[in-house]
Amino acid sequence: MSHGVVIVERRPTADEYRILREGAGWHSVSEMLAAPALVASVFCTVAESEGKAVGMALVIAQDEQNFFLHDVIVLPPYRKKGVATLVIASVVARFARINPDETDVILSLIADPQLQAFYARFGFQPGTEKACMQLRRGQAAQARANDADEYNQLA
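Under our numbering, the first residue of the sequence shown carries the number 16, and numbering increases by one thereafter.
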């Protein structure tokens with residue numbers, strides 16, 4: 016499925032970031048804009064094949080409890096081969112490690128409606144904003160799960 020692809024927890028270089036964005040058909044960014052975006056990331060995941068970046072995801076902290084999954088990119092030749100699954104699984108595993116004491120933390124993202132089912136496989140649920148999805152950890156996540164269980168029992 017994703018043979019030959021390795022997931023590495025590291026920041027992509029500014030060049031890799033620009034190449035991935037352009038290769039995915041996104042608008043290009045200058046090095047002047049790419050470098051600060053990468054530095055602002057609290058953690059990143061890069062998918063590599065034969066030493067080259069073929070996918071990535073950045074996570075930015077809004078504060079100590081709210082994080083945003085940003086720039087999930089997989090180059091077209093590597094799509095539908097499990098690379099995005101590996102990238103997001105790595106992000107979710109890393110996210111779980113940031114709150115070992117079960118404090119409430121939220122990882123949000125904006126997902127195209129066609130991709131919401133993909134992100135739901137990792138525990139993301141619809142958020143309060145249109146196209147927003149959230150992965151919650153801690154007491155808030157448990158309360159939301161309990162509410163869902165109650166609703167399902169009543170339905």
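Yeah, the Cβ is synthetic: ideal placement off N, Cα and C, and Gly gets one too.
Taking C-alpha atoms, which residue in the options lies nearest to residue i?
| i | options | result |
| --- | --- | --- |
| residue 72 | 104, 47 and 80 | 104 |
| residue 39 | 52, 66, 47 and 70 | 70 |
| residue 19 | 147, 141 and 98 | 98 |
| residue 145 | 153, 124 and 48 | 124 |
| residue 153 | 96, 86, 80 and 135 | 80 |
| residue 63 | 102, 106, 113 and 107 | 102 |
Could you round the C-beta distance between residue i and residue j to whole angstroms and report it? I think they count as a contact, below 8 Å.
| i | j | result |
| --- | --- | --- |
| residue 133 | residue 122 | Rounded, the Cβ-Cβ distance is 15 Å, inconsistent with contact. |
| residue 52 | residue 61 | Rounded, the Cβ-Cβ distance is 14 Å, inconsistent with contact. |
| residue 82 | residue 75 | 7 Å |
If we ignore side chains and look at the alpha-carbon of each, how far apart do residue i and residue j end up?
| i | j | result |
| --- | --- | --- |
| residue 28 | residue 66 | 13 Å |
| residue 137 | residue 151 | 11 Å |
| residue 21 | residue 91 | 17 Å |
| residue 34 | residue 119 | 35 Å |
| residue 140 | residue 94 | 23 Å |
Mind checking which residues open and close the beta strand (DSSP E) that includes residue i?
| i | result |
| --- | --- |
| residue 151 | 147 to 152 |
| residue 122 | 120 to 125 |
| residue 73 | 67 to 76 |
| residue 84 | 81 to 89 |
Could you spell out where the alpha helix (DSSP H) holding residue i opens and where it closes?
| i | result |
| --- | --- |
| residue 100 | 98 to 112 |
| residue 133 | 131 to 135 |
| residue 63 | No alpha helix (DSSP H) holds residue 63; the beta strand (DSSP E) holding it covers 56 to 64. |
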